[in-house]
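Notes for the one structure printed next.
Number of protein chains: 6
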Amino acid sequence: MATVTLIEYEDASPEVKAVYDDIRAVRNTDYINNFWKALAHHPDTLKRIWASLKEVMGPGEIDSLTKEMIYIAVSIANNCDYCIHSHTASAFAKGMTPGQYQELMAVIGMAHQTNGIATGLKVPVDE
Amino acid sequence: MATVTLIEYEDASPEVKAVYDDIRAVRNTDYINNFWKALAHHPDTLKRIWASLKEVMGPGEIDSLTKEMIYIAVSIANNCDYCIHSHTASAFAKGMTPGQYQELMAVIGMAHQTNGIATGLKVPVDE
Amino acid sequence: MATVTLIEYEDASPEVKAVYDDIRAVRNTDYINNFWKALAHHPDTLKRIWASLKEVMGPGEIDSLTKEMIYIAVSIANNCDYCIHSHTASAFAKGMTPGQYQELMAVIGMAHQTNGIATGLKVPVDE
Amino acid sequence: MATVTLIEYEDASPEVKAVYDDIRAVRNTDYINNFWKALAHHPDTLKRIWASLKEVMGPGEIDSLTKEMIYIAVSIANNCDYCIHSHTASAFAKGMTPGQYQELMAVIGMAHQTNGIATGLKVPVDE
Amino acid sequence: MATVTLIEYEDASPEVKAVYDDIRAVRNTDYINNFWKALAHHPDTLKRIWASLKEVMGPGEIDSLTKEMIYIAVSIANNCDYCIHSHTASAFAKGMTPGQYQELMAVIGMAHQTNGIATGLKVPVDE
Amino acid sequence: MATVTLIEYEDASPEVKAVYDDIRAVRNTDYINNFWKALAHHPDTLKRIWASLKEVMGPGEIDSLTKEMIYIAVSIANNCDYCIHSHTASAFAKGMTPGQYQELMAVIGMAHQTNGIATGLKVPVDE
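Line order of the protein sequences matches chains A, B, C, D, E and F.
Okay, so the first sequence: first residue is 1 according to this note's numbering, each after it adds one.
Okay, so the second sequence: first residue is 1001 according to this note's numbering, each after it adds one.
Okay, so the third sequence: first residue is 2001 according to this note's numbering, each after it adds one.
Okay, so the fourth sequence: first residue is 3001 according to this note's numbering, each after it adds one.
Okay, so the fifth sequence: first residue is 4001 according to this note's numbering, each after it adds one.
Okay, so the sixth sequence: first residue is 5001 according to this note's numbering, each after it adds one.
This is the structure in structure tokens:
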């Protein structure tokens, strides 16, 4: 079975093009990630997910780079190849240093380890 | 089957007490989390995990609160009840605001959603 | 390390051939999926898993296409590449429309999102 | 650490009350699930998640009960206690029979089994 | 929503009683685990799962205690509370020493750690 | 985004070379797995993880092959492609027979199945 097809800008409906345009404007780049091109088969989903992501990953009380590192942590735990790649690229684009990247991996690995042991031992929650 | 028993300070061997003392010194509190009391049945593991955690979660290029938020993200993805509770408490103790906590949950939820969809659609990694 | 080898029909033992024949008869196709060819190294496992799958995925109170969509949902959550591909193909073969496929992905994504948040917040179960 | 607090209708801000009112109207019941009461600390998240859920779980090409069964499948794979309980209740409310429930569990169990084996054996995807 | 009800021996149909009798005979104990009592609502599933478990966990090339430790490892990774408890009890009943139990937890924790890091770094498979 | 780069022995710092030398000595082979070459960008992590792995996987109360099989079980549940490959290779190198490998897969599959069902049914833990 083939992988999902991707809908390029020039082949997109006006509804989809409007989302692509907003992605380009918000991200200040012409590049549109494959994820959006894959969602474009279902414009309602494309619009909903993009609107949600824009809101959640936009300015707030947690800085933008930290949000990307959290996103990477979840994506690794869920083993989403695509998401690990794209959010690692985003984090580097937002200024993550090689040292921070190495530390991020170390924290993620450590968390997995103690998660496994605490779950296995059924450690009672601290009061 | 009973949950793992916890070894209290006063019942601990000198080897275990030494680790407990270090935990108290590094964390600047008398409180010792149940996780360590559960590991104390196997002093080699206790020493190894504590030494690793102290190194990984100690000062580095990622600030301490961010590390806790990453730890929470992994613990939620792995559904480790104990770890979610203890690292959420740590994050609040290190200054996480209620607004940051809400945003953290929103980012984690969003990541899970796009992880599921990108995996399901088998979106090819961007070049 | 090489991937598991696959045992083709013509190289199979009579015991394995009997299972392959049943798969072909039940599915009304000559095609035998790689999964079965990989299991054929252990005929007891091949027989047991095939007999179980035939029973579970056979006629019952849930229609056949719905069962495939449920199977896809689990396979995505477990990130089983092989299973996502094969059950997505089966679902399309059983009449899943492109619109249903898109909705399936949307429901799966949504479930992952609220799973993450409900687990993170430790929302108490409703009475 | 305490579990998240829940915001009851009478204590909610007008912004939150508006969402609660919509939940009640759409679901045709006065009951508001704890999940929404937990999200109400962050009205933007409450509004976004509710709007998304209403859209995704609303009328479409997959019938409503099937969507609930898919939601259950994901929630079990992610081990979200709250979500398993609430969506199982919803599925029964939407007409799931005891026989369908049993079959749902059987399909989910079967999928987990073959997911594990296919991942372990690294079975190559069928052409 | 209530937890699944359990069907006790005295309330079971002859079909279910026959499975319960076999469980008792194979395990050489009168005790029947709640898992089987929960499955008894669907006798076909009860029979199928019990027959599979008996075959898989029965005598073979891997000794019985090792099989239980593998079962625990999977159950922890999947975070199945019930399964962790019951298979840990079984492993102790089959002679697992406290030292082996501690080592089992250490290996499981270590595996989780390197799984997380290898997945995060996308380390290419060794030739 | 490119995969992580690997640091070969001849390009490594003296600090990293010392770890590589120890890996070669302990494992009695010149081959160094890609995992270590990927970690070598962060010598502290390389040293910590290697020291931990050497301790955990070294001689103890659980024999070496059993530890590898447990490692495989966790790696499959976490779907770590790299880890499945490398620990399966290690297990075979330590004497795992084809029959044991097949049984290992059967036990892992069975555990996933009952994990899913016990979690779905919320079976209460046996007293």
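Quick reminder that beta carbons are idealized off the backbone N, C-alpha and C, glycines included.
Just so we're clear, the structure is a prediction, and the values are computed from it rather than from any experiment.
{"Asked": "Supposed close pair V4019 (chain E), V5107 (chain F) - CB separation, criterion 8 Å", "Found": "That pair is no contact at about 21 Å."}
{"Asked": "CB of T5119 (chain F) within 7 Å of CB of N3079 (chain D), strictly", "Found": "yes"}
{"Asked": "Span of the alpha helix (DSSP H), counted from its first residue to its last, around L2006 (chain C)", "Found": "Counting along the chain, L2006 (chain C) falls outside any alpha helix (DSSP H), and DSSP gives it neither H nor E."}
{"Asked": "Interface flag, A4106 (chain E) vs chain B, CB-CB below 7 Å", "Found": "yes"}
{"Asked": "Under the three-state DSSP convention, the category C4080 (chain E) falls into", "Found": "coil"}
{"Asked": "Assigned secondary structure, A2091 (chain C) (DSSP; H/G/I helix, E/B strand, else coil)", "Found": "helix"}
{"Asked": "Within-7 Å CB hit, P1124 (chain B) to chain A", "Found": "yes"}
{"Asked": "Buried or exposed by the 16-neighbour rule on C-beta atoms within 10 Å, applied to S3052 (chain D)", "Found": "buried"}
{"Asked": "Chain E contact for S2090 (chain C) (CB, 7 Å cutoff)", "Found": "no"}
{"Asked": "Below-7 Å beta-carbon distance, G5058 (chain F) vs any chain E residue", "Found": "no"}
{"Asked": "Chain F contact for R1027 (chain B) (CB, 7 Å cutoff)", "Found": "no"}
{"Asked": "Exposure of A3002 (chain D), with buried meaning 16 or more beta-carbon neighbours within 10 Å", "Found": "Because the pLDDT of A3002 (chain D) is 48, which lies under 50, any placement of that residue in the model is unreliable, and the number read from its coordinates should be weighed accordingly. The residue is exposed, with fewer than 16 neighbouring Cβ atoms inside 10 Å."}
{"Asked": "Minimum Cβ-Cβ distance from Q2102 (chain C) to chain A less than 7 Å", "Found": "yes"}
{"Asked": "Chain F contact for A1002 (chain B) (CB, 7 Å cutoff)", "Found": "Because A1002 (chain B) carries a pLDDT of 48, less than 50, the predicted location of this residue cannot be relied on, and no value is offered for it."}
{"Asked": "Residues from the segment 1027 to 1048 of chain B in contact with chain E, defined by Cβ distance under 9 Å", "Found": "L1039, H1041, H1042, D1044, T1045, R1048"}
{"Asked": "Test: I4070 (chain E) CB closer than 7 Å to a CB of chain A", "Found": "no"}
{"Asked": "Three-way DSSP call (helix, strand, coil) for K122 (chain A) in this model", "Found": "coil"}
{"Asked": "Pairwise C-alpha distance: I2032 (chain C) and D2021 (chain C)", "Found": "9 Å"}
{"Asked": "Simplified DSSP assignment, three categories, for A2106 (chain C)", "Found": "helix"}
{"Asked": "Reduced DSSP secondary structure (H/G/I, E/B, other) of T4040 (chain E)", "Found": "Position check: residue 4040 (chain E) holds Ala in this sequence, whereas Thr was assumed. Of the three classes helix, strand and coil, the one that applies to A4040 (chain E) here is coil, per DSSP."}
{"Asked": "Neighbour list for N130 (chain A) in chain F, Cβ cutoff strictly below 8 Å", "Found": "In the structure as shown, chain A begins at 1 and stops at 127. Residue 130 (chain A) is therefore absent and cannot be evaluated."}
{"Asked": "Of the listed residues D:K3122, D:S3086, D:I3076, D:Y3101, nearest to Q5113 (chain F) (C-alpha basis)", "Found": "D:I3076"}
{"Asked": "Run of the alpha helix (DSSP H) containing I5023 (chain F), from where it starts to where it stops", "Found": "5014 to 5027"}
{"Asked": "Cut-off 6 Å between Cβ atoms - residues of its own chain near W5050 (chain F), not counting five sequence neighbours on either side", "Found": "V5019"}
{"Asked": "Cβ neighbour criterion (16 or more within 10 Å) applied to T3005 (chain D)", "Found": "exposed"}
{"Asked": "D11 (chain A) versus Y2101 (chain C): straight-line alpha-carbon distance, rounded", "Found": "21 Å"}
{"Asked": "Assigned exposure category for E15 (chain A) - 16 Cβ within 10 Å defines buried", "Found": "exposed"}
{"Asked": "Secondary structure of Y2031 (chain C), DSSP reduced to three states", "Found": "coil"}
{"Asked": "Candidates F:D5081, F:A5091, F:E5127, F:A5025: closest to K5054 (chain F) by CA position", "Found": "F:A5025"}
{"Asked": "M3069 (chain D) and A3091 (chain D) closer than 7 Å at C-beta", "Found": "yes"}
{"Asked": "Close-in-space but distant-in-sequence residues of the same chain around Y4009 (chain E) (CB under 8 Å, 5 per side omitted)", "Found": "K4017, Y4020, I4032"}
{"Asked": "Contact set for N5034 (chain F): own chain, Cβ-Cβ below 6 Å, skip 5 residues either direction", "Found": "L5006"}
{"Asked": "Closer than 7 Å to chain D by CB, N1079 (chain B)", "Found": "yes"}
{"Asked": "Other residues of its chain near L4039 (chain E): CB distance less than 7 Å, five sequence neighbours each side excluded", "Found": "T4045, L4046, I4049"}
{"Asked": "Buried versus exposed call for E4061 (chain E) [16 or more other C-beta atoms within 10 Å across all chains shown]", "Found": "exposed"}
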